[in-house]
Amino acid sequence: MDQYLQVFVTVVDKGNFSRAAEELHMTQPAVSQYIQTLERAVGARLLERTNKYVRLNKAGNAVYHHAKEILGLYTKMQRIVDDLTNKASGILTIGSSYTFGEYVLPHIMAKLQSSYPDIEPTITIANTKEIAESVANHQLDVGIVEGHFKEKNIRVEKLAEDSMFVVAASKHPLINREDLEKETWIVREPGSGTREAQDAFFQKLNFTPKKLMEFGSTQLIKESVEAGLGISLLSNWTIQKELLLQSLKIIEIKGVPIKREFSVITRTPFQTKALEVFLQLLRENTFIPHQK
C-alpha cells in the first residue's frame, strides 16, 4: 500500500498525472490505475480531475495528510532496521529555526561531515512553528527550535541558552528607556521564535512601539538597522561579525539581555545511528558566544 500512497502524494505535489508519471518513471495510464485502486481501497474519490490539473477534495485532503505521515514513518522504520547492522550513514533530515540554522548549525554540519561522511544531511530552515509541525508529521527527523510551541507527541530536550540585545546602527544616538517606545522597531514575522522573544521584551518593559516593521529574515533586519532604518532586538549569535566590524552597536538597557532557550525536538524514541551521532555532536558543540 505504501507504493500507492507514494504515487498519490506525488500526483498531488506535482499537480497533474503527466508530471507525476515523469517523476516516478511510470506511464501516465499506470499512475491513473494506481490512483483508481487507492480510491477503491479507501472507498471514496480523492481527486477532482480536469485536463490541466488535479485538486484534492475533502476526502483527498485527509488521505494526503495521513499518507505523508505514513510514508515518513515507513522511511524512518526502514532506516532504523538498516542501521542495526551498519555504521552511521544514510539520509538525515534536519530542520532548524533561522537563528540557529543560519549562524550555529553550519559549524556543526562541518564536523558531522568530517567525522561521518556517509551521512547525507538535508536541512530545512523555517520558523519555529513550521519546524515543529514538520517534526510532528514525520517530515523531519529532528528540529532545533527557539521559543515555545504547542505541537503534541514530540520529545523536547533543552539544548542551549541564547542572549538577545537591543542593537542599533553604530552612529545611532544613545537611547534611554523612555526613548524605546518612540523608535521604529524592526521585527521578525509572527510564528518566529525571535518574534516571540521580541514581543515578550515589549511586554516585559511595558511599552508598545509606535511603529513596527516586519521582515522575514534576520539578515535583512541587520542590514536595515545598519542603514539607520530602526532598531531591533537580536540574538548574540547573529551579530558577532557586525559588532567586530562596528557596523552595529549594543544599546545598554536595564533588563537586557533577554534570555531564551533553544531545544532539540524529535518525534520518535527510536533513533537511527545517523540521528544519534548528530544529537551527540549538537550536545558537545553547541556553545553560547560571549561579548568581549
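The numbering of the sequence shown is UniProt numbering, which starts it at 1 and goes up by one.
Every residue gets a Cβ at the ideal spot worked out from N, C-alpha and C, and that includes glycine.
Buried or exposed (CB count within 10 angstroms, at least 16 for buried), residue i
i           : result
T272        : buried
H138        : buried
M164        : buried
residue 295 : Nothing about residue 295 can be reported from this structure: the residues present for the chain run from 1 to 292 only.
I91         : exposed
L245        : exposed
R40         : exposed
F270        : exposed
N236        : buried
L5          : buried
T218        : buried
First and last residue of the uninterrupted alpha helix (DSSP H) at residue i
i    : result
P257 : No alpha helix (DSSP H) holds P257; DSSP gives it neither H nor E.
S32  : Q28 to V42
T124 : T124 -> not in any alpha helix (DSSP H); beta strand (DSSP E) instead, spanning I119 to I125.
E276 : K273 to N285
T238 : Run containing T238: none; DSSP gives neither H nor E here.
F270 : Element bounds for F270: n/a, residue is neither H nor E.
L5   : D2 to K14
Three-state secondary structure assigned by DSSP to residue i
i    : result
R19  : helix
F207 : coil
K249 : strand
S96  : strand
V104 : coil
G60  : helix
E178 : helix
G193 : helix
Q291 : Reliability of the predicted coordinates at Q291 is poor, the pLDDT of 41 falling under 50, and no value is obtained from them.
H66  : helix
F201 : helix
L243 : helix
Q219 : helix
A227 : coil
Q139 : coil
Cα-Cα separation between residue i and residue j, rounded to whole angstroms
i    : j    : result
K111 : R55  : 44 angstroms
S18  : V11  : 9 angstroms
Y116 : K211 : 48 angstroms
E48  : N57  : 6 angstroms
F262 : T128 : 10 angstroms
Q192 : Q203 : The sequence given here places Ser at residue 192; Gln does not occur at that position. Roughly 17 angstroms separates the two Cα atoms.
P106 : I265 : 18 angstroms
A168 : I35  : 57 angstroms
L159 : I119 : 22 angstroms
T194 : I123 : 20 angstroms
T75  : I94  : 15 angstroms
G60  : N51  : 18 angstroms
V256 : S232 : 12 angstroms
I108 : L71  : 28 angstroms
H290 : K14  : Low local confidence applies: a pLDDT of 41 at H290 is under 50, so the model's placement there is unreliable, and no value is given.
I253 : F201 : 11 angstroms
R283 : G101 : 15 angstroms
K292 : I125 : The pLDDT assigned to K292 is 38, lower than 50, so where the model puts this residue is not dependable; a value taken from the coordinates is nonetheless given after this. So the alpha carbons of these two residues sit roughly 29 angstroms apart.
V277 : S114 : 12 angstroms
Q28  : R45  : 19 angstroms
F8   : I80  : 25 angstroms
Bounding residues of the beta strand (DSSP E) (the contiguous stretch that carries residue i)
i    : result
F165 : R155 to A169
E48  : L47 to R49
Strand pairing of residue i, partner residues [DSSP]
i    : result
E146 : F262
E214 : V187
R55  : E48
L233 : V166
I91  : E120
Interface flag, residue i vs chain C, CB-CB below 7 angstroms
i   : result
K58 : The structure shown contains no chain C; it holds only a single protein chain.
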